[in-house]
Amino acid sequence: MEFALNEEQQLFQRQTQQIIKSKGDLEIPRAYSEGKEEVLDDLWTGLAELGYMGITVSESYGGLGMGPLTLVPILEEMGRAVIPGPYIETVSFAAPLLEKYGSTEQKEKYLTELATGERKFSLALLEGNGEYAPSNINVRATEKGNEYVLSGEKILVAHADFVDTLIVPVRTGMSEQDISLLLVDRDSTTLQLEKQISMDETRKMVKVTFNDVAVPKSQLLGQENAGWELLEIGVRGLNAALCSNMVGGMERIVETATEYANTRVQFGQPIGRFQAVKHKIVEMKMNLETGRSLSYYAGWALENNTEDVVEAIAMARSLITEAFIKSANDNVQIHGGMGFTWEFDCHFFLKRAKTLENYLGSPEDYREEIVNALVSDKESVAVGR
Amino acid sequence: MEFALNEEQQLFQRQTQQIIKSKGDLEIPRAYSEGKEEVLDDLWTGLAELGYMGITVSESYGGLGMGPLTLVPILEEMGRAVIPGPYIETVSFAAPLLEKYGSTEQKEKYLTELATGERKFSLALLEGNGEYAPSNINVRATEKGNEYVLSGEKILVAHADFVDTLIVPVRTGMSEQDISLLLVDRDSTTLQLEKQISMDETRKMVKVTFNDVAVPKSQLLGQENAGWELLEIGVRGLNAALCSNMVGGMERIVETATEYANTRVQFGQPIGRFQAVKHKIVEMKMNLETGRSLSYYAGWALENNTEDVVEAIAMARSLITEAFIKSANDNVQIHGGMGFTWEFDCHFFLKRAKTLENYLGSPEDYREEIVNALVSDKESVAVGR
Amino acid sequence: MDFSFTTEEEKFRDELRQWLVDNLPDGWLEGNRVIPRDNEGQRRFFKDWQRKLFDGGWSGISWPKEYGGKGASLLEEVIYEQEMARVKAPPQINVIGVAMVGPTLLQIGTDEQKDKYVNKILNGEEIWCQGYSEPNSGSDLAALQTSAVKKGDKWIINGQKIWTSMAHLADKCFLLARTENTGKKHHGITAFLVDMHQEGVETKPIRSIDDQHIFNEVFLNDAVAYEADIVGEINEGWKVSLTLLSHERTGVARQIFELNQVFDELVELASTLKKNGRPLIENPIVRQDIGRLRAKSRGLLLNYYRNLTNSIRNGYPGPEGSMDKLGGSELGQEIYSYAMSLQGSVNTLWKEDAAVGEEWQYDYLRSKAFTIEGGTSEIQRNIVAERILGLPKDIKY
Amino acid sequence: MDFSFTTEEEKFRDELRQWLVDNLPDGWLEGNRVIPRDNEGQRRFFKDWQRKLFDGGWSGISWPKEYGGKGASLLEEVIYEQEMARVKAPPQINVIGVAMVGPTLLQIGTDEQKDKYVNKILNGEEIWCQGYSEPNSGSDLAALQTSAVKKGDKWIINGQKIWTSMAHLADKCFLLARTENTGKKHHGITAFLVDMHQEGVETKPIRSIDDQHIFNEVFLNDAVAYEADIVGEINEGWKVSLTLLSHERTGVARQIFELNQVFDELVELASTLKKNGRPLIENPIVRQDIGRLRAKSRGLLLNYYRNLTNSIRNGYPGPEGSMDKLGGSELGQEIYSYAMSLQGSVNTLWKEDAAVGEEWQYDYLRSKAFTIEGGTSEIQRNIVAERILGLPKDIKY
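Protein chains in written order, with full-length UniProt numbering: chain A, 1 to 385; chain B, 1 to 385; chain C, 1 to 397; chain D, 1 to 397.
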């Protein structure tokens, strides 16, 4: 029985902290959102050099062959500084999916390049009203000889302009679940990219239009028409990663709120002496630690592929999403007027939190998933009882 | 534009306050719950002498012919002292129903006696699992000549042992809504009454068993098989009354919490100086005033039979029910250990609040009703805009 | 109880409604509510609107008729706010001047001050801002440190103000400065009428989280005011500022009316947007949320009417305005936040790319200031606790 | 991360499980958990259970083996709490003695004290209670006023204690009294071992809102203790009380385990009870509530494991126990309250008339004390703020 980061994981945590600090910490998202996109290249290169891109890639393709738990401290640190970029999409989504479902050729090419940092990935999933549902996949892939020809439009594709390959769920059949995943390389296709103005300017959102884009059939990931199932498995990793990322954000919020409350003086007292402020920060802290426990557990369940993995991730995602929003809100309140300024960092967290609220499902959806899991299998698993 | 009690209503308020104080205030529910049921007779007689029973009875039957708004301050005052007894059932439920749907003979007999206080009423509605739904009415009334013969069991009949007449929804037909209301006099029938131990010992709960009880057909209130509709109209009045009653309870809670916070000293300070306590009482106060506004409005809508009367009552009922529970809870917390003792009065409010939570529908049910009303009629009515 | 208005009051409402139809900017009533983003364009837009209001007699409606006002009753003022909220009328740029500075000068200003300023306030010739908050005095307003020192016939003002709305468009500032330091922080403050177009006054924009520029920092470096620019007694500026506040007769009425309107838009949103192919409003969970918000919005509105009735009966407003402010600001945040939630993952898109309507994102972000500006929620709770409930004051440190 | 236990630990668990099967009162495991309501019956019931635990070696499992304990590791102690929670075992009446007084005496007691008390604690021959709280010192414990004055070889104790659990069944009391009044409230307190069966000690029951009698007032009128009954140094009782607390190794573990169990019962309830003819668990709104409570219950449990891991790594528990207490007590209230909500209008029926199971009503009412006893939630928040986050202390008045 041991429920904490191990030494190796703690080492990663410290190292990540150092890199991010050395690159400017919260100045990174600030610069990025002001259009200095080179900070992202710089950070990416730095992380790649330290082997961060290959953490979840197996050793045979040049990675470290670690599981998602190793990413937990790294993602928390990134969340602490609201780091932009497709790290989660690449490392927590694309890598494990390729490992599990890629063909030998796909693995050889993509995993090797992913591990070195040469190749970055994103997920081009959402369409129309942004709903995460199989019925909402309407980008059509029409078979034409050895190729699929894609037409349609994806929205909210994170950092599409920065990545090299998009994983694109497309419609390949008539029934609702007839969806397939395609690996679409930007260098061998002509995609139309258009920036979408996002409230959270640290996650660049791009509309990707496919105008009869031909993609070789060899780019199919997994079986044809089995894409939705794969996607859901991939989204698990993505969600667990988002959770750790948000937990990092919450931690930073608690720290900055505490610091501000200790130094800002009103009525001759640091405002942290007033219980209205003091206890608000305690609530943040409670949520932070509960969220962290749930995100650790989600990571553990994912790494060990436990029976309750879906429930574990749903618990983490539903609670953390809402707690992050609440904390980010309260952080603005504690900072008073300064919290309302662009100059202070509070708004980075606020916007990140609120725009992730419904990304790949709402907290309500995830709670429904918890109960689904509960009712179908009432026995408690995993946590020794 | 005037949204407040008028002078006459304020007069009733002061008078009620005086009566209740003179009868012992919170000692009334305390004595009653300890088995001294004579306090109820005493109070009832006192109120009847002042004409309180006939307030909503028309003048031709000896009443004052006032509307439900006049009851608002009286019911608040009763709520302030968690007064036991079937006042609400008699004055806010039975009286208006009889006025509206009673036959001439029924009015003559029942309203006249009601107005003098000679006859008290209760509602014998719930059965089985206590759900408020037509499908849950299973006490059967079989026609036999000029009589209905009743068999079955009603539960949670408030103060059945104290009242003279029960209004009993019974099943008179096969389809779900084939329900009729019967006036069942206790002195001319043999009912089996059995006390049910209630957490809120200030509302005596009784199980009433009908073993082939014959009731003349003339005791039918309204049309046969039209009982559910009548009941729902009656329940509106009952709900509005409960709201005012609960608002009174909330007001008393705010007062006692404030008083305790001003006098209880810890760490050399009245605990009301600590914002954790201070702001908790402010929250109670906010809920109290919002609840009061909604209950006034519900009363006003009822009195004027406005188009939005159902929504008005549903808004009041859903918000007040939950706010009362919250306030009663927080009141215990503010009183600390003393709030957990039987000796202090906190628990009267706590138990009253929690046991009313689902009485005649849950807050969720009433919110659903709000939205139903909203969606079917989107125009704002009544409040001048 | 009576929710109706008198024939006269309804006539007042009808007149205003008609005037708005005739005078609102083109397309405004149809929902095409565009305000220029650049300073110059904004200034012109707002000044035009202010002028129109003045010409129509709808600026300073509570002002005495002799000064160009309408001499409206409190209830008419409420109707005014209702109607302005109904059409989401553009803000009155000179609200500080019209609602507070003007009435204060009329009450306690010198004759010269009245002559010099009052007319130009109403017709919008001179725009006013309010110099209260400072970097170190936000909630603790009386801790202000900007100093005014007398030199000959001049008062030399040094210090910094912050959160000064519209300072970048303002001509004049109603400013509090410390003229004496006795250790008692509420004493020794003086109220000045300061010219914004002088060398010693520099205005720096504050970019807020909604990417807007409404607030400013104002730096005072040897700014000058004269004896004639002092309002009320020297060192008694705190009292003057309370006089000023007392002219805020309708409190947060407009916000409360607007919120009830926004609630309707929220229902509209839930009826239009779909999930799983069904309108959100059919989802039982959404219905719960909407039912809850409905009861709260109506409760807030009704509370306001109840407080209003008391104000009319007593002849003056009570501290209950703090409850309106507290309730309104928090409910506002809740409603705007929920509107964002309903939009699903595309809620992240804003400005011209907004998926549903760009106001939602702006309003959501803007709402974060509701519980901070004009006295934080924490301060409002203290006021309710201390002035309404009689709970102990926070320790005076 | 690793949620498994070692073979040895699992053996420990299996042994305990088997022992419980063999020794729990008849019908207990089947859910027929009846404890007599009268004092005498209760005393006998609890003493029998205490004796059984002792005979089986399951009382004082963390005590050294030489004193009859099991010398269990912290993790074994946690397993013990898990298993006891799983079967909802009867409380150990002498929990104060076993978990706190005994270990404290073993650590800092005199040899005579050890000889005289320790064995009788474990075998339940002497039941202990704890005399801390007083009418005017609840949250502010150090403000206690009960005095002990030396007269010859006796200490004469006067004052009043309150909230003394099980005092009516206790033989001995670990009592704090003021022996010096220096103005510093944490100094001048002394810890005494007081005989409850003497003339100067009177116990009066407190009837709590759940109609139970667990707590008592204890009146001390010239009660007597001797020099030999002092634990630790004179005037250093505050430190002794902290030593005592430090022996609470598993904190609120049992409550947290129980809550996760109660959550399962809640799901059962929602699966069984019906509305509109359908199980509540099929209602989307109920599902939201249950999903939310599930995440919170698991989060609480996982937090506990995380804190436990830290305690094991550091060799001592940190202030995070306050977070467990705070979270557990509030979640407990929430869960019990929700269980009442699910029951509909019949939730009002209790005791033998309860509609679903009388424990729900009792537990609901009992839960109101969770956030008060053992340090209120307000105090816990201050501890988290000050000791974990480093926020300023409340003003020392």
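Yeah, the Cβ is synthetic: ideal placement off N, Cα and C, and Gly gets one too.
Given a limit of 9 Å on CB to CB distance, which residues of the region 241–275 of chain A reach chain B? Phe-274 and Gln-275
Among D:Val-95, D:Ile-312, D:Met-1 and D:Gly-327, which one has its Cα closest to the Cα of D:Ile-372? D:Gly-327
Identify the continuous alpha helix (DSSP H) that holds B:Asn-245 and give its terminal residues. 227–263
Could you tell me the distance, in whole angstroms, from the CA atom of B:Glu-379 to the CA atom of A:Gln-13? Because the pLDDT of B:Glu-379 is 44, which lies under 50, any placement of that residue in the model is unreliable, and the question is left without a value.
By the criterion of Cβ-Cβ separation under 8 Å, what are the contact partners of A:Glu-61 in chain C? In the sequence as displayed, the identity of residue 61 of chain A is Tyr instead of Glu. Within 8 Å Cβ-Cβ: nothing; A:Tyr-61 doesn't reach chain C, min ~32 Å.
Should D:Ala-242 be labelled buried (16 or more other beta-carbon atoms within 10 Å of its own) or exposed? Here residue 242 of chain D turns out to be Leu, not Ala, going by the sequence shown. Exposure of D:Leu-242 is indicated by the presence of fewer than 16 other C-beta atoms within 10 angstroms of its C-beta.
Where A:Pro-216 and A:Glu-105 are concerned, what is the direct C-alpha to C-alpha distance, given to the nearest angstrom? Those two C-alpha atoms are separated by around 13 Å.
As assigned by DSSP and simplified to three states, the class of A:Arg-352: helix
CB-CB under 7 Å to D:Lys-151, same chain, minus the five flanking residues each way: which ones, in chain order? Correct list: empty, nothing qualifies.
Could you tell me the alpha carbon to alpha carbon distance between B:Met-79 and D:Thr-348, rounded to whole angstroms? In the sequence on display, residue 79 of chain B carries Gly and not Met. Whole-angstrom Cα-Cα distance: 18 Å.
Nearest chain D C-beta to B:Asn-358 closer than 9 Å, yes or no? yes
Which of the three DSSP states, helix, strand or coil, is assigned to C:Ala-253? helix
9 Å is my cut-off, CB to CB: does B:Met-286 come that close to chain A? Not an interface residue.
Neighbouring residues, chain D, relative to B:Asp-200 (Cβ below 9 Å): Thr-348
Mind checking C:Asn-303: buried by the 16 CB within 10 Å criterion, or exposed? buried
Less than 9 Å between the C-beta atoms of C:His-168 and C:Asn-39, yes or no? yes
Just to confirm the assignment, what range does the alpha helix (DSSP H) spanning C:Ile-79 have? 74–86
Keeping to the same chain, check which residues put their C-beta closer than 7 Å to that of A:Ile-253; ignore five residues upstream and five downstream. Residues Met-284, Ser-327, Ala-328, Asn-331 and Phe-349 of the same chain have their beta carbon placed closer than 7 Å to that of A:Ile-253, with the five preceding and five following residues left out of the count.
Ordered list of beta strand (DSSP E) runs contained in the region 108–133 of chain C, each at least 3 residues: Segments of the beta strand (DSSP E) lying fully in the region 108–133 of chain C: 128–131.
Contact check, D:Thr-203 vs D:Asn-235 under 8 Å by CB: the rounded distance? So it is not a contact: roughly 27 Å between Cβ atoms.
Determine, using beta carbons only, whether B:Asn-305 comes closer than 9 Å to chain C. no
Whether D:Glu-217 touches D:Lys-88 by CB criterion (9 Å): no
For C:Leu-144, does the three-state DSSP call read helix, strand or coil? coil
So, does the CB of A:Phe-3 fall closer than 9 Å to a CB anywhere in chain D? A:Phe-3 belongs to the set of residues whose beta carbon lies under 9 Å from a beta carbon in chain D.
Residue 471 of chain B, DSSP secondary structure in three states: There is no way to answer for residue 471 of chain B, as the model of chain B reaches only from 1 to 385.
Report the option in B:Val-163, B:Ser-103, B:Gly-117 and B:Ser-218 whose CA atom is closest to the CA atom of B:Gly-145. B:Ser-218
The ligand ATP heavy atoms versus the CB of B:Met-53: any closer than 8 Å? As for the ligand ATP, it is missing from this structure, which has no ligand bound.
Within 8 Å, do at least three Cβ pairs link the region 120–128 of chain D to the region 81–95 of chain D? Below 8 Å, enough C-beta pairs join the region 81–95 of chain D and the region 120–128 of chain D to call them touching: three or more.
Give the residues of chain D in contact with B:Asn-129, contact being defined as C-beta atoms less than 9 Å apart. The answer, in chain order, is Leu-273, Lys-274, Lys-275, Gln-343, Gly-344, Ser-345, Val-346 and Ala-355.
According to DSSP, C:Leu-193 sits in a beta bridge with which residue or residues? C:Phe-174
Spell out whether any CB of chain C is found under 9 Å from the CB atom of B:Glu-368. yes
Is C:Asn-382 close to chain D, meaning its C-beta is less than 9 Å from at least one C-beta of that chain? no
Residues near D:Gln-343 by beta carbon distance below 8 Å, same chain, minus five either side: So the list reads Leu-269, Leu-273, Ala-355, Val-356 and Trp-360, once near-sequence residues are dropped.
What's the call for C:Thr-7, buried or exposed, on a 16-neighbour Cβ count within 10 Å? Exposed: under 16 other Cβ atoms inside 10 Å.
Using 8 Å as the threshold, is the region 310–321 of chain B in touch with the region 151–165 of chain B, meaning 3 or more CB pairs across them? no
Taking Cβ positions, are D:Ile-230 and D:Phe-174 nearer each other than 9 Å? no
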